[in-house]
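What follows is one structure encoded as structure tokens, with my remarks underneath.
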Amino acid sequence: MKPQLPFMKRDRRIAPFYGINQSMPIVLALLLGFQHALAMLGGLVTPPLILGGAGGANLTTAQQQYLVSASLIVCGMLSAVQITRFKIKGTPYYIGTGLLSVVGTSFATISIATGTFSQMYARGYCPIDADTGLKLPCPQGYGALIGTAALCSLTEIGMSFLPARVLKRTFPPIVTGPVVMLIGVHLVETGLQGWAGGAGLCLNRATNAAGQMFLCGTAKPLPWGDARFIGLGFSVFATIILVERFGSPIMKSAAVVMGLIMGMIISGATGYWDRSTIDSAPAATFIWTHTFPLKIYAPLILPLMAVYVILAMEAIGDISATCDVSRIEVEGPEFDSRIQGGVLSDGFNGLLAALMTMTPLSCFAQNNGVIALTRCANRTAGYCCCMFLFLMGVFAKFGAVFVAIPASVLGGMTTFLFCSVAVSGMRIIALVPFNRRNRFILTAALSLGFGAVLVPNYFSYVFTYEGSNHALRGFYDAIELVMGTGFAVAALISIFLNLVLPAEMEEEKEAVVVVGTHAERDGVASMEEDVEMQKISESGKGTMK
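Read left to right, the sequence shown gives residues 95 to 639 (the numbering used here).
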């Protein structure tokens, strides 16, 4: 499709629509599958880079490269499970949606995991160099993360067997909206830290005992926040904006990746790359070439159970949106079975991902935009996408390139990517009538939610127990992790208040009339987007990772 340059005429022809099981040319399926893979790429590599890097388990370079490759391989394989849709023999239940539903490593895990790793280093679970104070690699901490994630995946698996109407009533937009928004708000901090140079000891221009400042980067070490770091990140950010303005519809769906590529070119040409990590990487890899000791870390159980509840919320909305753009009914027994199969597959994939050394997975909603733009919901294109992701992961040099990217370039991309999550939450909240009841729920949930984001250590001194009872200490640590994570606190408060506060019917009717009036006067969205928002409002929640 042509770029939308000012001097070029736009093509007014309407492309054909390819349904989920319709026959289509294989070359076109390969092209559109590659487009889906590009749309996912930024979201797939970001979580392993953060969790394996200085802000997470501080793994070795080889282990970080492996995690990026493993993320691509695992997501390619398990997306195929979601797309295929299996019926459990002898039961009315399914695994998978049977739609072009792709899955990727979830952002919701990042906030919980980074807080947990900080706690692990503080408690002595992970090692710290006594002389320099440097956090040493902690593969056992990462193993505890994925081991506990495997156990907690049973939460979402169990939720999948609840009736669809119960799930929709428990997790309406008034609950899911603030949760998704706070996930994005929390992660923006991580993106900006990378944009200014990176995390670790160089953060905020920290100094050692001799007063020497720690520098960020290896090829060209500079102080955190240096103008050159800010400029590199801005090159990515500006490219994303330019592609959105002048690019073709297909280019726009991969704008984040194109911005990253531009930042990689500029930083490479100016000498900010360290090629040693790429040169030392093997030519090919696969899952389990690096392994981590699976353990259960008790303080992580409650927070990760909350994460899996949130992943179920995401799956409900994302599958509803996928059905809508795929021109499939969003109500009735068939739709409910797709919701059930999608949530079950989401939980089951989380279990398999942990056994394949990856953190929990979730449905990726940005691919719904690709379906809408390309008018192709065909599962053949989905399988081609899975193939491309698998091949990208197997060729280890591809993953090594992402590990070698300067933190400021990656930060320019992730800041935009994470903020899009927050905007998705705002969009969901906008679907809720702003009557007195809903304003009260939002105020109560966001007060502690934003507070935990802005002052994450506010609850760190409530429990001061230092005795020998490790079970009690682990329970206190779990509560501290939940209370210090904004979206987890907001989820608990909003779910509780939504279930116990009575509805105010007259005020709700008035709010609906007001929203309709504003929509008629100020509506700027396209007809397709209006229909999508209406379906999401009725069926659950849609997020953008």
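Each residue gets a CB set at the ideal place from its N, CA and C atoms; glycine is no exception.
Being a predicted model, the structure only gives us computed values, none of them experimental.
Close Cβ partners of residue i (< 7 Å) along its chain, the five nearest in sequence each way excluded
{"i": "Gly543", "result": "Pro272, Leu276, Gly580, Phe581, Val583 and Ala584"}
{"i": "Phe510", "result": "Phe331, Ile334 and Val350"}
{"i": "Leu591", "result": "Ile535 and Ala538"}
{"i": "Ser254", "result": "Gln434, Val437, Leu438 and Gly441"}
{"i": "Gly365", "result": "Ala313 and Lys314"}
{"i": "Gly150", "result": "Ile144, Ala207, Thr208 and Phe211"}
{"i": "Arg322", "result": "Leu316"}
{"i": "Phe180", "result": "Tyr188, Ile189 and Gly190"}
With 16 other Cβ atoms within 10 Å as the buried cut-off, status of residue i
{"i": "Asp418", "result": "buried"}
{"i": "Glu622", "result": "Caution is warranted here: a pLDDT of 45 is assigned to Glu622, below 50, making its placement in the model unreliable, and no coordinate value can be reported."}
{"i": "Phe265", "result": "buried"}
{"i": "Ser541", "result": "exposed"}
{"i": "Leu483", "result": "buried"}
{"i": "His130", "result": "buried"}
{"i": "Pro110", "result": "exposed"}
{"i": "Leu230", "result": "exposed"}
{"i": "Trp382", "result": "exposed"}
{"i": "Gly218", "result": "exposed"}
{"i": "Pro257", "result": "exposed"}
{"i": "Asn532", "result": "buried"}
{"i": "Asp412", "result": "buried"}
{"i": "His280", "result": "buried"}
{"i": "Ala238", "result": "buried"}
{"i": "Thr242", "result": "buried"}
{"i": "Val594", "result": "exposed"}
{"i": "Gly278", "result": "buried"}
Limits of the unbroken alpha helix (DSSP H) element including residue i
{"i": "Thr371", "result": "Ser370 to Ser374"}
{"i": "His130", "result": "Ile120 to Gly146"}
{"i": "Gly113", "result": "Where Gly113 is concerned, there is no enclosing alpha helix (DSSP H), given that its DSSP letter is neither H nor E."}
{"i": "Asp571", "result": "His564 to Met577"}
{"i": "Asn443", "result": "Pro427 to Leu449"}
{"i": "Trp289", "result": "Pro267 to Trp289"}
{"i": "Pro343", "result": "Pro343 to Ser347"}
{"i": "Gln176", "result": "Thr155 to Thr178"}
{"i": "Gly493", "result": "Ala490 to Ala498"}
Limits of the unbroken beta strand (DSSP E) element including residue i
{"i": "Gly411", "result": "Taken as a continuous stretch (DSSP letters only), Gly411 belongs to no beta strand (DSSP E), being part of the alpha helix (DSSP H) at Ile395 to Val419."}
{"i": "Ser456", "result": "Leu455 to Cys457"}
{"i": "Thr226", "result": "From DSSP, Thr226 is part of no beta strand (DSSP E); its letter is neither H nor E."}
{"i": "Gly198", "result": "Val197 to Thr199"}
Spatial neighbours of residue i in its chain, beta-carbon cut-off 6 Å, leaving aside the 5 residues before and after
{"i": "Pro397", "result": "Ile206, Leu575 and Val576"}
{"i": "Leu124", "result": "Cys478"}
{"i": "Thr140", "result": "Thr508"}
{"i": "Arg299", "result": "Met307, Pro317 and Trp318"}
{"i": "Pro550", "result": "Gly578"}
{"i": "Cys480", "result": "Gly170, Ser173 and Ala174"}
{"i": "Ser163", "result": "Thr379, Gly487, Ala490 and Gly493"}
{"i": "Val526", "result": "Pro267, Ile268 and Asn532"}
{"i": "Tyr112", "result": "Met118, Cys470 and Asn472"}
Supposed close pair residue i, residue j - CB separation, criterion 8 Å
{"i": "Gly561", "j": "Val274", "result": "Actually they are not in contact, since the Cβ atoms of Gly561 and Val274 sit about 39 Å apart, beyond 8 Å."}
{"i": "Leu291", "j": "Leu504", "result": "First, the residue type needs correcting, since residue 291 is Gly and not Leu in the sequence shown. No, Gly291 and Leu504 are not in contact; Cβ-Cβ is about 11 Å, not under 8 Å."}
{"i": "Gly568", "j": "Ala392", "result": "4 Å"}
{"i": "Tyr236", "j": "Leu153", "result": "7 Å"}
{"i": "Ser588", "j": "Val260", "result": "Actually they do not touch by this definition, with Cβ atoms about 17 Å apart."}
{"i": "Thr474", "j": "Met118", "result": "6 Å"}
{"i": "Ala375", "j": "Lys491", "result": "6 Å"}
{"i": "Tyr402", "j": "Thr199", "result": "Not confirmed; about 14 Å, so no contact."}
{"i": "Leu405", "j": "Ser361", "result": "That belief does not hold up - the Cβ atoms of Leu405 and Ser361 are roughly 34 Å apart, past 8 Å."}
{"i": "Ala447", "j": "Val196", "result": "Rounded, the Cβ-Cβ distance is 14 Å, inconsistent with contact."}
{"i": "Ile177", "j": "Gly476", "result": "4 Å"}
{"i": "Gly184", "j": "Arg432", "result": "Actually they are not in contact, since the Cβ atoms of Gly184 and Arg432 sit about 20 Å apart, beyond 8 Å."}
Below-8 Å beta-carbon distance, residue i vs any chain B residue
{"i": "Ile204", "result": "The structure shown has no chain B; it contains just one protein chain."}
Chain-order list of residues whose beta-carbon lies under 8 Å from that of residue i (same chain, five-residue window excluded)
{"i": "Ile465", "result": "Leu194, Thr416, Val419, Ser420 and Ala471"}
{"i": "Thr284", "result": "Ile144, Gly149, Ile204, Thr208, Ala293, Thr508 and Phe512"}
{"i": "Ile324", "result": "Trp289, Ala290 and Ser502"}
Are the stretch 151 to 166 and the stretch 366 to 384 in contact at 8 Å, needing three or more beta carbon pairs?
Put simply, the stretch 151 to 166 touches the stretch 366 to 384. At least three CB pairs are less than 8 Å apart.
The stretch 132 to 142 in contact with the stretch 455 to 462 per 3-pair CB rule at 8 Å
Yes, the stretch 132 to 142 is in contact with the stretch 455 to 462.
Are three or more beta carbon pairs between the stretch 490 to 498 and the stretch 178 to 193 nearer than 8 Å?
Flag = no, the stretch 490 to 498 and the stretch 178 to 193 do not touch.
Three or more beta-carbon pairs under 8 Å between the stretch 372 to 386 and the stretch 443 to 456, yes or no?
Touching, yes.
Is there contact here, the stretch 209 to 225 with the stretch 340 to 358, by at least three beta-carbon pairs under 8 Å?
No, they do not touch.
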